[in-house]
Each structure stands twice: as C-alpha cells, then as structure tokens.
Amino acid sequence: MLDGPGSFGPDRARATRSSGRAPAVVGMVAAVAGWLAIVLLTEPFGREWGTGQDARAYWSSALSDPYRFSSWGEHGAYLYSPAFLQIVSPLALLPWQAFVGAWCALSIVALRALTGSRWLALGVVVAAMELAGGNISLLLAAAIVAGFRWPAAWAFVLLTKVTPGIGLLWFALRGEWRSLAIALVATLAVVAASVLLLPGAWGEWLTVLGRNAGRDGTWAAVPLPLWARLPVAAAIVAWGARTDRRWTVPVAAMLALPALWYGSLAMLLAVLALRGDAPARPATNPAAGADAPDRTGRPDVSGPITEPSPAPA
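Per our numbering, the sequence shown runs over residues 114 to 426.
Encoded structure:
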C-alpha cells in the first residue's frame, strides 16, 4: 500500500539528508581542486598566471635581513612585522612548492571556518584570487571572528596589516575593557618575545611603515586611498558597536586595509560566520528584575532556565 500519508517518509528523509550533504561535498571538491591547481601552477614561479605571488615574500625573506626588499609594489617585498616572519620561518624551510601547498591548505582551513561546509563552494569562488595569490586576508578575517571569543587573536591583525586594527574600537566603544586589554597585552607580549630574538629588525619595520605610508595600490587594488576609507571604517565599527552587529567589524577592517586589493574582498566572507548576530530586542519591562536587558540589550540568561511550577490546586 502506497496511499498512506507517511508512505514515502523514509525515502523523503533519505532524499533530504542527501540534498543537505550535497553543498558540503561540492564545497570539498571545489576546495581540493582549487588547492591542486594552485600548487601545480606555482612552478615555475613568475610565469604569467602563476600562483603564490604574495606568499613568495613570506618564503623568501630571510630573518637575517627581512627588509632587504620592502618598497611598496616591489617584487617579493616583505612589509609585515618581524614577529610574523619568525612564526612562518619554520614553514619556509620547505621547498617552494611544498610551502605553497601548506600555506594554501591553511588558508582553506580559515575559509572553511568562515563559511561552514554549506557555503564552502561559494567561498572558494569568492576567495579564488586570494587563495591563488597567497595573501593573508582569509587569515585576518578568521582572526577577527575568533577575536570576539579570544581577543588575543587581534595580535595577528596588528602585527601584519596594522590598520585593520581599527576594529578594536568595538571593544572600546562598548566598554569591554577586559577584551581590549587582552588584545593589546597579547600583542605586546608577542612584540617583547620577538624583540629578544631580532631587536634590530623592529626599528627597520617602523622605518618601512613610515616610508610606505600613503602609497597607493596597483591595478590590483580598489582605487580608494586609505585616508578616504579609514573614517568610513571607523563609522561602521561605531554603528555596529552601538547596534550590536558584530559583522560590521570585519567589514570595517577590510576597508581599513593599507591597500584594498580585489582579492581582499574575500574578507567579507567573515559576515557569514557572524550572520547569526542580530540586534537584540529590549525587554518589555526593563525594570523586571532578571528580565531586564543588560547594556547590550540582551536579557539576563545567565541562570538556568526552568519551567514555572504549576499553581497549587
């Protein structure tokens, strides 16, 4: 008999499960295919349509002379802090093609953390330029998302691109001083440890930052100077902090990049990771004790939630 209302229940359930897994499978296939293409196209380096152009600077820069090439737009220029190079240096011991494979895999892990399995295929398409070049925008986005839970992750942002650190205004404007302090202290701790090993390089880095400040991007960047984007970024963070919208922080950080490379637009994928955040509705009766909203507008749910006891008969 097939005329009952639930006759096709098991089949429908299996079909639903299969359709639910399809985006994850497609995303995984896209990620693996993209990874293989990027690794294969990185040799020989420097050819047209080759990959790993940005990652080359992390692999080739020597700790003994990290800023040998450090002019904006120069081939192989290294512009980040000595601390980043120290962290990457063990990975840079790998042969070039193996380094690209490991670096691209790390970026794909960050991408998966931002998009989840459902939107991974879309993420691979959006971040294709970023993955191929090997820049750190996806890692920045992942660090910013993680920074809401672990503020120390902001050290990565401050010690690489620097100016996207404007996102820390979120903590300051909301009075979340503990989180702000953790972010800054963690950054200072990394700097202190790095200075012990490479004291001279830090002075060089500050010189490099000053020398390259105000430089415009190349054809591969959105033609908007930093001085025009920075106030907009600050305003976005301020609005987001006031209205409890975390997704505004990675958007503002992207706008505050020293150069807004087209590949860096992949940072917008962080919005997917924070899309569940929505402005909380104020309680109907703010004076109602435990139901009163805290300063973020959310009701106090710190205690256990229990069902009300039935009234006595």
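Note that the Cβ used here is the ideal one computed from N, Cα and C, for glycine as well.
Note that this is a predicted model, so its numbers are computed, not measured.
Between ILE257 and ALA354, the C-beta spacing is not below 8 Å.
Secondary structure at TRP162: coil, using DSSP grouped into helix, strand and coil.
The beta-carbon separation of TRP209 and PHE158, rounded to 7 Å, stays under the 8 Å limit for a contact.
The alpha-carbon separation between ARG342 and ARG231 amounts to approximately 32 Å. Taking C-beta separations shorter than 7 Å and ignoring five residues to either side along the sequence, the partners of VAL362 in its chain run ILE257, GLY280, TRP283, VAL350 and GLY353, following chain order. For the set ALA190, ASP167 and TRP185, the Cα lying nearest the Cα of ASP178 is the one of ALA190. Below 8 Å, enough C-beta pairs join the stretch 356-376 and the stretch 249-267 to call them touching: three or more.
Between THR320 and TYR193 a beta carbon distance of about 14 Å is seen, past the 8 Å cut, so the two are scored as non-contacting. According to the DSSP assignment, MET367 belongs to the alpha helix (DSSP H) that extends over 361-368. Residue state for ALA175 is assigned as strand, using DSSP reduced to three classes.
The alpha carbon of HIS188 has as its nearest neighbour, out of ALA255, ALA196, SER173 and LEU385, the alpha carbon of SER173. Following the DSSP letters along the chain, one finds SER292 inside the alpha helix (DSSP H) bounded by residues 290-310. Within the same chain, and ignoring the five residues on either side of MET380 in sequence, the residues whose Cβ sits closer than 6 Å to its Cβ are SER250, ALA254, PRO363 and MET367. When secondary structure is reduced to three states using DSSP, ALA215 falls in the helix class.
Here ARG169 is buried. Its C-beta has 16 or more other C-beta atoms within 10 Å. In the DSSP annotation of this structure, PRO338 is not part of any alpha helix (DSSP H), being labelled neither H nor E.
If you ignore the 5 residues before and after LEU387, its C-beta comes within less than 7 Å of the C-beta of VAL258, ARG359 and TRP360, all in its own chain and listed in chain order. Considering only VAL239, SER184, LEU206 and VAL201, the residue with the shortest C-alpha distance to TYR375 is VAL239. Under DSSP, the beta-bridge partners assigned to TRP374 are ALA334. In terms of Cβ geometry, LEU370 and SER377 form a close pair [threshold 8 Å]. In terms of Cβ geometry, ALA137 and ILE221 do not form a close pair [threshold 8 Å]. Exclusion of the five residues before and after LEU224 leaves GLY236, ALA240 and LEU251 as the residues of its chain whose Cβ lies within less than 6 Å of its Cβ. The C-beta distance from SER292 to PRO264 rounds to 4 Å, short enough to fall under 8 Å.
If you draw a straight line from the Cα of TRP315 to the Cα of ALA175, it is about 14 Å long. A check of alpha carbon separations from PRO195 across LEU244, ALA334, TYR180 and GLU156 identifies TYR180 as the nearest. Of the candidates PHE269, VAL275 and GLU289, the residue whose Cα lies closest to the Cα of ALA302 is PHE269.
Taking C-alpha positions only, THR164 is separated from PRO312 by approximately 33 Å. Within the same chain, and ignoring the five residues on either side of LEU310 in sequence, the residues whose Cβ sits closer than 7 Å to its Cβ are GLN199.
By the CB criterion at 8 Å, LEU154 and TRP162 fall inside the cutoff. Counting the other CB atoms within 10 Å of its CB gives THR300 a total of 16 or more, which places it among the buried residues.
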